[in-house]
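Residue numbers (my numbering), protein chains in the order written: chain A, 1 to 153; chain B, 154 to 884.
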């Protein structure tokens, strides 16, 4: 059992304490926008925000969280897809299969909060999510589009 | 994809389906093609507004376009919808799409044709009949309006979902006449537009399936939830061909959430629990003893030795030949020889294999991301022991396919076997990443010995290319091997023709294959045999040009005189990249081109190597797909092909030890990430007159263009992959 503060609500989840946050989100809370890709924090498909910091939820147990820590998932990033990063993504038609994109968007949204005018080197070192379809160049363009508008969430 | 209503509420299973749809889809939702009731056959009238199999027009003017091929990121859903909508003359902003199920296709005499989505053929093999579907529907809608107005149909035209009686200016909409149009006899042999008159097709319109991918609402197979559903995790014997000897279910039966431990076939064990995490946790603790079987001593080294022997073996099947290669090589002024190889690789779709099954004794339904719904239906029928007419498969949007989810539905067979043990309970099976890495259908291993002969002027007079190694077709469709020949092995090397042809005219030529099939399951890995064949050929062409002392572009041009389309894409990248002009300091260029999946492609790579560290700065890539239905999505496929192809070239290799794969996750099976991704300039240059695919061919030129540029930078020939094994520092 654990108390988690997810998308502005505190929820009580009935799980073993070693259950990764990812699976509590997906299977107990029903927030399936956060994806399982590797389970070892390599791919970033499971990225959520924890107090504003991009965090790979597959490798942190629910026991590591307190109800004071604010967890935000893709479902909580905006009510209607209107976050500046989501808008830039839509404008450039970024996703292909889309499976990694929620994690990618969450990583970028947190990154631009910290670094509103990133260089290419910043992007290269901070956005390490895996995309197999190969959307990287549009991801980069969309990051710059959101940054250029000064609308980084 | 957007749901457009009309669930048939009297069907007993429908509450489950609506839940499935509704749980994911807040507004609008997800279509799984549930419009036609099961078992009632080809009842067009069962769906109000169904003009024909491809087009449903609703009273509010919404147009539902049916898509038989699977969307896995490649954009076929949007491209096919564009083609239908172009002929239909409907309002694109009111278009939604849905998948018919393979069961419906079966019941309606395969009215939607082939569901298979591989070989880059979504558009190239169905453009004709989907456009006819749109054009026929347009004629029926116009006829219905004409009937209502009592005027000749020839005086009416349709545009943007509005039908106008030209002489009077009177108008109506598709939605208003849809019901009447459904009753009109479909005209035969409706002419199609000349592509030069296209208004929507051929344009860089945005994808139809983006919005839900930005908000987490898009439902993938792993996200499905059915009432009462349980979750399964599975472990198949990691050694290929091994079996389960024993397992101790009692050891985990008391663990939280565990419902059942079941053996699946003779080689796998699954744990069923209330959640997948609990199932997987219990599976990790389940003691299993394996009978490792006959392959337990197979290794990458033993496979390599066997393939090496094939390079000089007498038994080989000819794929392409001209003249007398042996005599010409014997008399060549200069003879060049090289041996290349290509490793096993996993598709590594971001979403691991998964499916959900409900078996109720006399019926079996499966929900799964699949590249071929009909093959998934066949697997469901076989595994359940039921007739295909008592089964159906609901296709779910794929989290990547790349060929893994097309020809073989091993995960579907598994989930059906588990569901059969628990009738009435829906079971969702998700493979762990580790399971996915250990039980791939791998890019086959091959080696290639190339011997080329040059005359005194440096002309290529003879080429013998011997491929030794694995046949995908032998591993998956052995019935298609005729006289020992797997024709797909020669992709990109075929005699002149519309498919995967060798562009070079070489007077004395022999390309042959010594089949060697190790006990590792091969698969159609995006790009298939074109990938390694193009590396072998295009890197060796560079070697020959170097030996001849001739510029790599000029050397190729001389041999491409009979192949203007091959030459045109090569010229296009040469021109745009500035081939022949100085590159930026420290930057070196490499070229490659090929033809496959019906399209002509070329690339020029610009790289630098500093203290052994490779940086790929820029790629210029050209594609001639004949007709380009959505140029911005073709560009996306070209960009993505470099991620897939360069990731493979730089990092990826599945090695065999003890009869099993050694790499189990992305820590040891590395991926190309943003930091290594070059700029890609895609030239989409449709020359018209044919329909080529775009999802795969460009992958084949990614590695050889970069390898040739590395040679230019370092003087080192890389003849086996991945690159991570090579020291690129100058000797």
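Backbone N, C-alpha and C fix where the C-beta goes; we use that ideal spot for every residue, glycine too.
Residue-level contact to chain B via CB, residue 32 (chain A), 8 Å cutoff: Walking along the first chain from the start, residue 32 (chain A) turns up at place 32. It does; some Cβ of chain B falls within 8 Å.
Where residue 408 (chain B) sits in the DSSP three-state scheme: Counted from its first residue, the second chain places residue 408 (chain B) at position 255. The answer is coil: DSSP assigns residue 408 (chain B) none of H, G, I, E or B.
Residues of the segment 677 to 698 of chain B with Cβ closer than 8 Å to any Cβ of chain A, in chain order: none
Residue 227 (chain B) in three-state terms, based on DSSP: On the second chain, residue 227 (chain B) is found 74 positions in, with the first residue counted as 1. Coil at residue 227 (chain B), not helix or strand.
Beta-carbon neighbours of residue 40 (chain A), restricted to chain B and to distances below 9 Å: Sequence index remark: in the first chain, residue 40 (chain A) carries index 40 (1-based). In chain order: 586, 818, 819, 820.
For residue 473 (chain B): DSSP bridge partner residues: To locate residue 473 (chain B), count along the second chain from 1; it is residue 320. Paired residues: B:664.
Cβ-Cβ separation, residue 812 (chain B) to residue 97 (chain A) (assumed contact under 8 Å), whole Å: Position 97 of the first chain holds residue 97 (chain A). Position 659 of the second chain holds residue 812 (chain B). With a Cβ gap of about 32 Å, residue 97 (chain A) and residue 812 (chain B) do not count as contacting.
Residues near residue 12 (chain A) by beta carbon distance below 7 Å, same chain, minus five either side: As a working mapping, residue 12 (chain A) is identified with position 12 in the first chain. Counting only Cβ-Cβ distances below 7 Å, and skipping sequence neighbours, we find 1, 3.
Whole-angstrom distance between residue 433 (chain B) and residue 424 (chain B), CA atom to CA atom: Within the second chain, numbered from 1, the residue matching residue 424 (chain B) stands at position 271. Within the second chain, numbered from 1, the residue matching residue 433 (chain B) stands at position 280. Going by the C-alpha atoms only, they are around 7 Å apart.
Chain-order list of residues whose beta-carbon lies under 8 Å from that of residue 787 (chain B) (same chain, five-residue window excluded): As a working mapping, residue 787 (chain B) is identified with position 634 in the second chain. Contacts found: 776, 778, 781, 835, 837, 847.
Which residues DSSP lists as bridging residue 606 (chain B), in chain order: The sequence position of residue 606 (chain B) within the second chain is 453, counting from 1. Note: residue 606 (chain B) sits in a beta bridge opposite B:488, B:615.
Cβ pair count under 8 Å reaching 3, the segment 456 to 475 of chain B against the segment 45 to 57 of chain A: no
Own chain partners of residue 840 (chain B) with C-beta closer than 8 Å, once the 5 adjacent residues on each side are dropped: Working through the second chain from its first residue, we reach residue 840 (chain B) at position 687. Counting only Cβ-Cβ distances below 8 Å, and skipping sequence neighbours, we find 718, 721, 777, 779.
Min CB distance residue 37 (chain A) to chain B below 8 Å: Start at 1 with the first residue of the first chain, and residue 37 (chain A) comes out as number 37. For residue 37 (chain A), the answer is yes, since a Cβ of chain B falls inside 8 Å of its Cβ.
Distance CB(residue 634 (chain B))-CB(residue 642 (chain B)) smaller than 8 Å: Start at 1 with the first residue of the second chain, and residue 634 (chain B) comes out as number 481. Start at 1 with the first residue of the second chain, and residue 642 (chain B) comes out as number 489. Contact: no.
DSSP three-state assignment for residue 643 (chain B), whether helix, strand or coil: The residue you call residue 643 (chain B) lines up with position 490 of the second chain. In the structure shown, residue 643 (chain B) sits in a helix (DSSP, three-state: H, G or I).
Three or more C-beta pairs below 8 Å linking the segment 258 to 267 of chain B and the segment 291 to 299 of chain B: no
Neighbour list for residue 137 (chain A) in chain B, Cβ cutoff strictly below 8 Å: The sequence position of residue 137 (chain A) within the first chain is 137, counting from 1. Contact note: residue 137 (chain A) reaches chain B through 792, 830, 832, 833, using a C-beta cutoff of 8 Å and chain order.
Residues of its chain near residue 796 (chain B), where Cβ-Cβ distance is below 7 Å and the 5 sequence neighbours each way are ignored: Position 643 of the second chain, counted from the first residue, corresponds to residue 796 (chain B). Excluding positions up to five away in sequence, the list reads 825, 830.
Anticipated Cβ contact below 8 Å, residue 696 (chain B) with residue 491 (chain B), distance rounded: Indexing the second chain from 1 puts residue 696 (chain B) at position 543. Indexing the second chain from 1 puts residue 491 (chain B) at position 338. Sure, about 6 Å apart at Cβ, within 8 Å.
Near-chain A residues of the segment 336 to 369 of chain B (beta-carbon distance less than 7 Å), N- to C-terminal order: 359, 360, 363, 364, 366, 367, 368, 369
Simplified DSSP state of residue 178 (chain B), which is helix, strand or coil: Residue mapping note: residue 178 (chain B) aligns to position 25 of the second chain, counting from 1. Low confidence applies here, because residue 178 (chain B) scores a pLDDT of 26, under 50, leaving its location unreliable and the question unanswered by this model.
Boundaries of the beta strand (DSSP E) in which residue 325 (chain B) is found, first to last residue: The count along the second chain starts at 1 and reaches residue 325 (chain B) at position 172. Per DSSP, residue 325 (chain B) belongs to the beta strand (DSSP E) from 323 to 326.
Alpha helix (DSSP H) segment containing residue 287 (chain B), residue limits: Here residue 287 (chain B) refers to the residue found at position 134 when the second chain is read from its first residue. Note, residue 287 (chain B): alpha helix (DSSP H), 280 to 302.
Beta-carbon contacts of residue 611 (chain B) that lie in its chain and below 7 Å, excluding the five residues immediately before and after: On the second chain, residue 611 (chain B) is found 458 positions in, with the first residue counted as 1. Contacts found: 701, 702, 703.
Residue 308 (chain B) at chain A interface by Cβ criterion, 8 Å: Taking the second chain and counting its residues from 1, one reaches residue 308 (chain B) at position 155. Chain A contact via Cβ: absent.
Residues of the segment 121 to 133 of chain A with Cβ closer than 8 Å to any Cβ of chain B, in chain order: 123, 124, 125, 127, 128, 129, 130, 131, 132, 133
Cβ distance (whole Å) where residue 289 (chain B) is taken to contact residue 222 (chain B) below 8 Å: By one-based count along the second chain, residue 289 (chain B) stands at place 136. By one-based count along the second chain, residue 222 (chain B) stands at place 69. Actually they are not in contact, since the Cβ atoms of residue 289 (chain B) and residue 222 (chain B) sit about 19 Å apart, beyond 8 Å.
Same chain, Cβ closer than 8 Å to residue 504 (chain B), neighbours up to 5 away in sequence not counted: Here residue 504 (chain B) refers to the residue found at position 351 of the second chain. The residues are 373, 374, 375, 522, 551, 552, 553.
For residue 200 (chain B) and residue 56 (chain A), the rounded distance between their alpha carbons: For the purposes of this step, residue 56 (chain A) is taken as the residue at position 56 of the first chain. For the purposes of this step, residue 200 (chain B) is taken as the residue at position 47 of the second chain. So the alpha carbons of these two residues sit roughly 45 Å apart.
Outcome for residue 538 (chain B) when other beta-carbon atoms lying within 10 angstroms are tallied against a minimum of 16: Looking up residue 538 (chain B) in the second chain gives position 385. With fewer than 16 other Cβ atoms within 10 Å, it is exposed.
When B:329, B:593, B:730, B:363 are compared against residue 814 (chain B), the one with the closest alpha-carbon: Counting from one through the second chain, the residue named residue 814 (chain B) turns up at place 661. Sorting B:329, B:593, B:730, B:363 by C-alpha distance to the C-alpha of residue 814 (chain B) places B:593 at the top.
C-beta neighbour in chain A for residue 886 (chain B), strict 8 Å: The question about residue 886 (chain B) has no answer here: the residues shown for chain B are numbered 154 through 884.
Boundaries (first-last residue) of the beta strand (DSSP E) holding residue 742 (chain B): One-based indexing of the second chain puts residue 742 (chain B) at position 589. Looking at the DSSP string, the run of the beta strand (DSSP E) that includes residue 742 (chain B) is 741 to 749.
Which of helix, strand or coil DSSP assigns to residue 891 (chain B): Nothing can be reported for residue 891 (chain B), as the shown portion of chain B is limited to 154 through 884.
Beta-carbon contacts of residue 405 (chain B) that lie in its chain and below 7 Å, excluding the five residues immediately before and after: Taking the first residue of the second chain as position 1, residue 405 (chain B) is located at position 252. Taking C-beta separations shorter than 7 Å and ignoring five residues to either side along the sequence, the partners of residue 405 (chain B) in its chain run 411, 414, 424, 435, 438, 439, following chain order.
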